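All remarks here apply to the structure that follows.
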Amino acid sequence: MYKEILRSIDNIEIYPILSLILFLLFFVGMFIWVVNTPKAHIEHMESLPLDDDDAKKKKP
């Protein structure tokens with residue numbers, strides 16, 4: 001039943017192709033962002049959970 005409904009929709013074959021392209025573009029974009037992120041930024045972000053400076057500034 002569902003196959004017949006989907007077959008009756010015009011140009012339905014484009015949707016799986018678009019989904020795959022969007023999926024690949026997202027992960028390629030994330031890979032490029034990770035590779036191009038400066039190492040200083042990554043080191044700053046990884047030390048944030050252990051950094052007590054913010055906690056000391058908030059306490060009077």
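For what it's worth, the numbering used here labels the leading residue of the sequence shown as 1, then goes sequentially.
By construction, the Cβ of each residue, glycine as well, lies at the ideal position given by its N, Cα and C atoms.
Note that the coordinates shown come from a computational prediction; the quantities given were computed from them, not determined experimentally.
task: Give the range of the alpha helix (DSSP H) segment to which residue 6 is assigned.
output: Residues 2 to 8.
query: With DSSP run on the structure shown, which of helix, strand or coil describes residue 38?
result: Here residue 38 sits in coil by DSSP.
- prompt: In three-state terms, what does DSSP make of residue 21?
  reply: Annotated three-state conformation of residue 21 is helix, per DSSP.
message: With H, G and I counted as helix, E and B as strand and the rest as coil, what does DSSP make of residue 32?
response: Residue state, collapsed to three classes: helix.
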